[in-house]
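First residue of the sequence shown? That's -7 in the numbering used here, and the numbers climb one at a time after it. C-beta atoms are modelled at their ideal positions from N, C-alpha and C, and glycine is treated no differently. For reference, the structure discussed in these notes is given below.
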Amino acid sequence: MEWRGRRGSGNIEDRRRMGGGGRAGVGGIGVIAVVLIGWFFGVDLTPLLQEGGPVSTQGQPPRSLTAADREIGDFVSVTLADTEEVWQRLFREQVGQDYRPVTLVLFSGSTGSGCGTASEASGPFYCPVDKKVYLDTDFFGVMQDQLGAGGDFAAAYVVAHEIGHHVQDELGILEQTTRLRQSMSEADSNAVSVRVELMADCLAGVWANAAQAQFGSVEAGDVQEAMNAASRIGDDTLQRAAGRRPVPDSFTHGSSAQRVAWFRTGQKSGLIESCDTFGSDTP
-7 MEWRGRRGSG NIEDRRRMGG GGRAGVGGIG VIAVVLIGWF FGVDLTPLLQ EGGPVSTQGQ
53 PPRSLTAADR EIGDFVSVTL ADTEEVWQRL FREQVGQDYR PVTLVLFSGS TGSGCGTASE
113 ASGPFYCPVD KKVYLDTDFF GVMQDQLGAG GDFAAAYVVA HEIGHHVQDE LGILEQTTRL
173 RQSMSEADSN AVSVRVELMA DCLAGVWANA AQAQFGSVEA GDVQEAMNAA SRIGDDTLQR
233 AAGRRPVPDS FTHGSSAQRV AWFRTGQKSG LIESCDTFGS DTP
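Set out below in structure tokens:
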């Protein structure tokens, strides 16, 4: 992905210099890896924590950013700027309404959000209360080192997926599905969650299509990086990695095959309407 030297977004709120919670290692896999993977991808990985000690919650003093930290921040800023331009255009052309850009908060350790505390245990998420995306940039290292989903476009896919949730919010979809899930059984609620998450994957694909056409920034192999990331984070794959038999009723984000397929659907079509995961019996 060609991003260096390109315009960044003015909607980045960088809190990484603020203190946060400490980290602890557990049996060859960091606590941050376990809890981030578990929370963000809807899989209970707590059995992997049994051999380890507790995570330190003692606050840390303000820290300075390394060159690598600054580079990651610049990368996220450029990616966010691309999403802003793409979705502003697509909303005008395909929806007929204005797109209101989201603020993306970079943090390390923990920080406050309108949806509660954002921490290393919460993973990347979109908060519809304050209209902000929260991202601990250490998560990119988890993707590469623990999930085998490295590459800058894999990281861009994570950002685009969370922006996809903001797009859903702008279209009124998040409010409708949240209200719907409140009156459902756990299994039915999970099924709705899967469709919401697969739609965000598809919208990330729509962004990838438009980014290539609009900026020419998508290089050979980039789409494969994103699809590899989608494959590595399917509920079935992560449950197997945790030593468990996949249980479809417990899925909250979709199987590896579903996540790849829906990203590819959006990436091929470039159309928001192609992301209707609620339009078929099985997404």
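Judging by CA-CA distance, which residue of D90, R92, Y91, C119 is the nearest neighbour of G104? In the sequence shown, residue 104 corresponds to position 112, counting from 1. Across the set D90, R92, Y91, C119, the C-alpha of C119 shows the shortest separation from the C-alpha of G104.
Would you kindly work out how many angstroms separate the C-alpha atoms of D241 and P54, rounded to a whole number? Residue numbering aside, residue 241 sits at position 249 when the sequence shown is read from its first letter. Residue numbering aside, residue 54 sits at position 62 when the sequence shown is read from its first letter. Cα to Cα, D241 sits roughly 43 Å from P54.
Close beta carbons around I64, own chain, < 6 Å, minus the five adjacent residues each side: Sequence index remark: in the sequence shown, residue 64 carries index 72 (1-based). These residues qualify, in order along the chain: T129.
Endpoints, alpha helix (DSSP H) assigned at K260: The residue you call residue 260 lines up with position 268 of the sequence shown. 248 to 261 is the extent of the alpha helix (DSSP H) around K260.
Which two residues bound the contiguous alpha helix (DSSP H) that contains E167? Looking up residue 167 in the sequence shown gives position 175. If you look at E167, you'll find it in the alpha helix (DSSP H) that goes 165 to 173.
Could you check the C-alpha separation between L195 and P93 for me, to the nearest Å? On the sequence shown, residue 195 is found 203 positions in, with the first residue counted as 1. On the sequence shown, residue 93 is found 101 positions in, with the first residue counted as 1. Cα to Cα, the separation comes out at about 15 Å.
If you count every other CB in all the chains shown that lies within 10 Å of the CB of R101, and 16 or more means buried, which is it? As a first step, residue 101 must be located in the sequence shown, where it is residue number 109. Strictly speaking, residue 101 in this sequence is Gly, with Arg absent from that position. Label assigned to G101: buried.
Among residues of its own chain, excluding the 5 on either side of A202, which ones have a beta-carbon nearer than 8 Å to its beta-carbon? Here residue 202 refers to the residue found at position 210 of the sequence shown. Closer than 8 Å at Cβ, skipping near neighbours: V78, R81, L82, G262.
On a CA-only basis, which of I225, L190, Y91 is nearest S272? Give me that one, please. What you label residue 272 is simply residue 280 of the sequence shown in a count that begins at 1. The candidate whose alpha carbon is nearest that of S272 is L190.
Closer than 8 Å is the cut-off here; do at least three beta carbon pairs connect the segment 176 to 184 with the segment 145 to 155? Pairwise C-beta distances place the segment 176 to 184 out of contact with the segment 145 to 155, as fewer than three of them are shorter than 8 Å.
Given D74 as reference, the closest of Q206, D214, A110 once Cα atoms are compared: Taking the sequence shown and counting its residues from 1, one reaches residue 74 at position 82. Nearest option by C-alpha distance: Q206.
Whole-angstrom distance between T229 and A221, CA atom to CA atom: For the purposes of this step, residue 221 is taken as the residue at position 229 of the sequence shown. For the purposes of this step, residue 229 is taken as the residue at position 237 of the sequence shown. Computed Cα separation, rounded: 11 Å.
Looking at E85 and S1, is the spacing between their C-beta atoms short of 9 Å? Counting from 1 along the sequence shown, the entry for residue 1 is found at position 9. Counting from 1 along the sequence shown, the entry for residue 85 is found at position 93. Not in contact: S1 and E85 (Cβ atoms no closer than 9 Å).
Option in S56, E162, S247 with minimal Cα separation from R8: On the sequence shown, residue 8 is found 16 positions in, with the first residue counted as 1. For R8, the nearest C-alpha among the options comes from S56.
Return the CA-CA distance between D61 and A212, expressed in angstroms with no decimal places. Here the question's residue 61 lines up with position 69 in the sequence shown. Here the question's residue 212 lines up with position 220 in the sequence shown. If I take the Cα positions, the gap works out to 26 Å.
So which of R(-2), D193, E5 has the shortest CA-CA distance to K277? The structure shown does not extend to residue 277, since the chain spans only -7 to 275, so no value can be given for it.
Between D227 and Q204, what straight-line distance do the alpha-carbon atoms span, to the nearest angstrom? The sequence position of residue 227 within the sequence shown is 235, counting from 1. The sequence position of residue 204 within the sequence shown is 212, counting from 1. For the pair D227 and Q204, the Cα-to-Cα distance works out to about 29 Å.
May I ask you to list the residues that DSSP assigns as paired with L98? Taking the sequence shown and counting its residues from 1, the one referred to as residue 98 is at position 106. Note: L98 sits in a beta bridge opposite D6, L127.
Going straight from the alpha carbon of A59 to that of K123, what length do you get? Against the sequence shown, residue 59 aligns to sequence position 67. Against the sequence shown, residue 123 aligns to sequence position 131. Cα to Cα, A59 sits roughly 29 Å from K123.
Does the beta-carbon distance from A200 to F255 come in below 9 Å? In the sequence shown, the residue the question calls residue 200 occupies position 208. In the sequence shown, the residue the question calls residue 255 occupies position 263. The answer is yes: Cβ separation under 9 Å.
Suppose you measure from the CA of H157 to the CA of S114; what does that come to, to the nearest Å? By one-based count along the sequence shown, residue 157 stands at place 165. By one-based count along the sequence shown, residue 114 stands at place 122. Approximately 16 Å between the Cα atoms of the pair.
Three-state secondary structure assigned by DSSP to T75: As a working note, residue 75 is residue 83 in the sequence shown. Looking at T75 - three-state DSSP - the assignment turns out to be helix.
Per-residue DSSP class, three states only, for F83: If you number the sequence shown from 1, residue 83 lands on position 91. Reduced to three states, the DSSP call for F83 is helix.
Beta-carbon gap between Y126 and V97 smaller than 9 Å: Along the sequence shown, one-based indexing puts residue 126 at 134. Along the sequence shown, one-based indexing puts residue 97 at 105. The answer is yes: Cβ separation under 9 Å.
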